[in-house]
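Undergrad: Below are the structure tokens for one structure; questions will follow.
2 protein chains.
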Amino acid sequence: MTSKVKPTESELEILNILWHNGPSTVRKVHEELAMTKEAGYTTTLKLMQIMHDKKLLKRDASSKTHVFEAAVSQQQTQGQMIRKMIDTVFNGSASQLVMQALGSHKASKEELDEIRAYLEGMEKKTKKAKS
Amino acid sequence: MTSKVKPTESELEILNILWHNGPSTVRKVHEELAMTKEAGYTTTLKLMQIMHDKKLLKRDASSKTHVFEAAVSQQQTQGQMIRKMIDTVFNGSASQLVMQALGSHKASKEELDEIRAYLEGMEKKTKKAKS
DNA sequence: TGCTATTTACGAATGATTTCGTAGCTAATG
DNA sequence: CATTAGCTACGAAATCATTCGTAAATAGCA
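Protein chains in written order, with the working numbering: chain D, 569 to 699; chain G, 569 to 699.
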């Protein structure tokens, strides 16, 4: 069982940066963060320390300047969060969520094609399972 | 412009009950809530009062026992929350969210059909707009 | 070596959310 | 009419998230 992951708003911002950039120092993360947000360096540091305590991050402390890395995968986290949202906001109906997402977000043609292709793939699997 | 809606975890539980049951007294809501959760009556009351202050609920105080009703629609709230999740968790990609939702949740055949139908509907609209 | 810059650690202030005790009001009952 | 049961209002405690100041350690450089 993969541990319960429940990042807060701020933690998610940091995870996104780490997922995108790979292992990084606090300073790197902080610089990224500072581009969209106002915050002191020690604030970022503290957050990342807390995240390390919570096992959201791994830390390489072999050099003075520590290097942090996400300890939870983006996939896993997305899955967990979407499941929770389906349960708590969409009465357990994935399709309701999907339609709401498509309706309220204006997906591009490419995105729609991607989804269609994905659905076809599922279809096949379902049929196979039934036969 | 519809006001910013950002219900907390607990507030969402209450909204769900009200969306499902329609206008209700605090006691009714509390009884529902108590089925899945441990909490005192005054806790529920206080939450609903706060939600009223925040304009998340409407209140009919004409009788001694007040009757509350959701002041925000389920649709609107779902849309707002899904948009936020797309932005903060899925890098702005609706299709990524949709696929994650379908992949991690095991939608039924009926649900998949619903989604397919919905996609076809969108397709038509897109074509029309282009012609 | 001694100074400076950068880093981590720590603790505490602030703010938001959740919880609940207590008081006061009102309606129903004996 | 007095008592009781159930309701709302209010305030404050408890908890969690966020922010930051300050100290201590370390590495690089004049």
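All residues carry an ideal CB built from backbone N, CA and C; glycine is no exception.
#1: With a cut-off of 8 Å, does the C-beta of A675(D) fall near any C-beta of chain G?
#2: Can you check whether the CB of M616(D) is closer than 8 Å to the CB of I585(D)?
#3: Just the chain D side, please: which residues come within less than 8 Å of A669(G) by C-beta, in chain order?
#4: Does the beta-carbon distance from R684(D) to L687(G) come in below 8 Å?
#5: Using only alpha-carbon positions, find the residue among T656(G), F636(G), Q642(G) that is nearest to K596(G).
#6: According to DSSP, what are the bridge partners of A638(D)?
#7: Could you check the C-alpha separation between G689(G) and M619(D) for me, to the nearest Å?
#8: Go ahead and pull the three-state DSSP assignment for S630(D).
#9: Since T604(D) is in the alpha helix (DSSP H), which residue starts that stretch and which ends it?
#10: At a CB-CB cut-off below 7 Å, which residues of chain G make contact with M690(D)?
#11: Should E606(G) go down as buried or exposed, given a rule of 16 or more other Cβ atoms within 10 Å for buried?
#12: 8 Å is my cut-off, CB to CB: does V597(D) come that close to chain G?
#13: Under 8 Å: do the stretch 647-664 of chain D and the stretch 661-670 of chain G share three or more Cβ pairs, one atom per stretch?
#14: Find the residues of chain D that neighbour L687(G), judging by a C-beta separation of less than 8 Å, and give them in chain order.
#15: Please report the straight-line C-alpha distance between L682(D) and P591(G), rounded to a whole angstrom.
TA: If we stick to the structure as given:
#1: yes
#2: no
#3: I650, I654, A662, L665, V666, A669
#4: yes
#5: F636(G)
#6: L625(D)
#7: 44 Å
#8: coil
#9: 594-604
#10: L670, L680
#11: exposed
#12: no
#13: yes
#14: L670, L680, I683, R684, L687
#15: For the record, residue 682(D) in the displayed sequence is Glu; it is not Leu. Distance between the alpha carbons of E682(D) and P591(G) is about 41 Å.
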